Each structure stands twice: as C-alpha cells, then as structure tokens.
Ligand SMILES: Cc1ncc(COP(=O)(O)O)c(C=O)c1O
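In our numbering, the protein residues as written are 1278 to 1656.
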C-alpha cells in the first residue's frame, strides 16, 4: 500500500538521503509519483500553508501536463483544449524581475520557475534575477518554488542548478533523473520555515497517492544516487558539457546565417536557429545520422541537447562529428529554403508543423521511389 502514513525503511532511507543532498535548510521531503505530481504537491503546499490563492509562473515554462502543473505552463497551446484550468495563475516573462515586482502582493502564494528553462528553449536564469526574486519573495511572504525536474541530479554541472546561484528556494521539486529515468518517482523538498513548518504534519494527506514514493521507486532512486554521488557525475557533466558546448559554438560560427546562439549549463545545452522550421529539418537530418534530438516543445527554433551525464569525451567528439554531417546535408535544403524564408508569408508556411509533416512525408515517398528503381547489390 502506497500510503504516506505507512513509512517504510526504503522510503525513509531515500528521503533522508535526498534531504542531506539538498542545499541550505531544504530538508523536509514529500515523495511523489512524477514531475507533474511533484509540481502539484509543491503548489498545494505553498497555497495551503500561506492561505493565498495566486501563483506567478513564467512564459514558456513547462511543469507537466495535469491540473496544477498544466495551469503553471507558460504555453497556451498545451492548455487551450482543457479550459478553464486552475484559477489565479499569472504568466510573466522569464528573467524579468520588474514583471514579478508589479504582481507581488499578499494574494500571491508562490513564484514558480525552472532555474534553467528546458522545454522553453534552454533559457538560463541570471544571478541578479534569482537574487532579486529571493528578496522579493521574502519581502512579501511569497514561497519561492524551483522546478529541478530537468535540471536536478547533476545535469547542469552541479548536483542542483540552484547551486550555480547560491540561492535556496522555499520549496523545490524534482523527478526524472531521480530514478535514472528507469522508474517513476518524484519529490517535493521544502524548508522548515514559517508558514511551511508543521503544515504537512497537520495535513499529512495533503498530497498523497498510491504510487507516490513507492518502495520500489525509492530502492531504484537510492541506487541511482549511489551511482551519481559515488562518481560525482555532475563534475563529468561540467567537463564534458564544456567540450560539447565549444564544439557546438564552432559549428555555430561556421553557420552564422542560420544559427543565432548556443547556450546552456553543463550538459543542458540548446542551439537556437534563426528560423523556426530549421528545428524540424535539423531533427530529421540528425535522425539520419543516428542522433535523436528534439527541438523544444515551447520553442521549436531551439534544439535541445541533453545527452547522458555519463557521456565521455570520445562520445561527445563522435556526436559532434555526426552533427557536422547532419548540418552538411541540411545546408542543401537551406540553399532553397533560406531565400524563401526571408518572405514573411512563406516563412509562416514553413514554420507550420502540419506543412512540415506533409513535406517530410513527400521527401520520404520520393526517397522510397528512388530506392525502388536503384539497382540492388547482390547479397
Ligand atoms: C522542468 C519540468 N518540470 C516538470 C516536468 C513534468 O515531469 P513528468 O513528465 O515526470 O510529469 C518535466 C517533464 O518533462 C519538466 O521538464
């Protein structure tokens, strides 16, 4: 039975270990079933403990696909089909402290953000922004919530992305790499400060579920932590990430007509193209080189590279070689497409995902036809 009232050796061992690895006084843990579930837990904790209703969230943010997390997303596309969602969510631009300041009041329970936006297109928070947010939240009694679902467990070159900034939120939640991508698990970790102190003890079922913090999930997560901590994988992410980013920057310099910027932290790196349609085209060219890469759901012009943080220098060099080969093929398409993309209505058509799907299918059909008529090699 998954009830959080029935603690087990495995739950306690993992929760204590997770708490001991979190910065500052983030030391109370509520185990959850996934990232979206942990996001809901974090928001409910903030709303319940502050007795306030509203939440400030970021443009292009991604926190999950259900209930509170869907409401906290910063892209209408995901939300439109299910309106009305949870009330009281205010969306502001990422890295815009003044926008949060304008909304900060006694009605706001929480400000929620990813220290590095993943799905939003690898946007790294500035130090001034997070320092300013921390101060603003303290002044207004607002709970600062960090989503470390994508950035946690070493991906950005430190165990938690917040360590780059020396800022400790009141609540953080994490999932994904918490179990090495092998088993569903998630967690909310919070500080024992007013008004959070005692809230969970008084309301132990405020966010319970059968599978949240399952024993098996905790056993898997504990083993994953053995590996991550034992091998200090965040250091590898920092080192290999530097090599990979330098390689991508070199490729960007050679393709200035279509690449706008390479950015990221550790092994959370994105390439922003000058045109949205290049994201889909590049994904296709990369797939043909055996590289699966996705462009950001909330920013199709940004391709995300989040390779395993266990990768070594040779693997990164091989990846860079394949990316170069993919770019070479893509340049043939761009010969025709780049001049067309300069005409705004044509650019809109090229950026349309349905048009892209039709175009890829036509290219595939032509390829199949050509292959059918090519002389086959014996054997
Ligand atoms: C930053 C961030 N938050 C929350 C989530 C949701 O996690 P899950 O897919 O486990 O619900 C994700 C998933 O991609 C994520 O990247």
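The beta carbon of each residue, even a glycine, is placed where N, CA and C say it ideally should be.
Nothing here was measured: the structure is a model prediction, and the numbers come from that model.
Paired residues, beta bridge with residue i - DSSP
i	result
residue 1421	1388
residue 1520	In the DSSP output, where bridge partners are listed per residue, residue 1520 has none listed.
residue 1287	DSSP, once it has assigned bridges, lists no residue as partnering residue 1287.
residue 1366	1332
residue 1468	1303
8 Å CB neighbourhood of residue i in its chain, flanking five on each side removed
i	result
residue 1734	Nothing about residue 1734 can be read from this structure; the chain reaches only from 1278 to 1656.
residue 1547	1398, 1399, 1539, 1540, 1541, 1573, 1579, 1580, 1581, 1582
residue 1567	1599
residue 1412	none
Element boundaries [alpha helix (DSSP H), containing residue i]
i	result
residue 1504	1492–1507
residue 1327	1312–1327
residue 1650	1630–1650
residue 1460	Where residue 1460 is concerned, there is no enclosing alpha helix (DSSP H), given that its DSSP letter is neither H nor E.
residue 1376	1374–1380
residue 1354	1353–1356
residue 1476	1476–1479
Extent of the continuous beta strand (DSSP E) run through residue i
i	result
residue 1541	1536–1542
residue 1303	1303–1309
residue 1346	It is not in any beta strand (DSSP E) - residue 1346 instead sits in the alpha helix (DSSP H) that spans 1344–1349.
residue 1582	1576–1582
residue 1488	Note, residue 1488: premise wrong, no beta strand (DSSP E); not H, not E.
Where residue i falls: helix, strand or coil (DSSP)
i	result
residue 1587	coil
residue 1549	strand
residue 1555	helix
residue 1449	strand
residue 1409	helix
residue 1427	coil
residue 1598	helix
residue 1530	helix
residue 1441	helix
residue 1565	coil
8 Å Cβ cutoff met for residue i and residue j
i	j	result
residue 1450	residue 1464	yes
residue 1444	residue 1385	no
residue 1515	residue 1543	yes
residue 1377	residue 1421	no
residue 1318	residue 1338	no
residue 1307	residue 1477	yes
residue 1433	residue 1545	yes
residue 1393	residue 1438	yes
residue 1299	residue 1424	no
residue 1537	residue 1522	no
residue 1347	residue 1448	no
Same chain, Cβ closer than 6 Å to residue i, neighbours up to 5 away in sequence not counted
i	result
residue 1304	1296
residue 1510	1431, 1586
residue 1657	Residue coverage of the chain in this structure runs from 1278 to 1656, which leaves residue 1657 outside it and unanswerable.
Proximal residues to residue i (C-beta, below 7 Å), its chain only, five neighbours per side dropped
i	result
residue 1330	1324, 1365, 1384, 1386
residue 1590	1517, 1520
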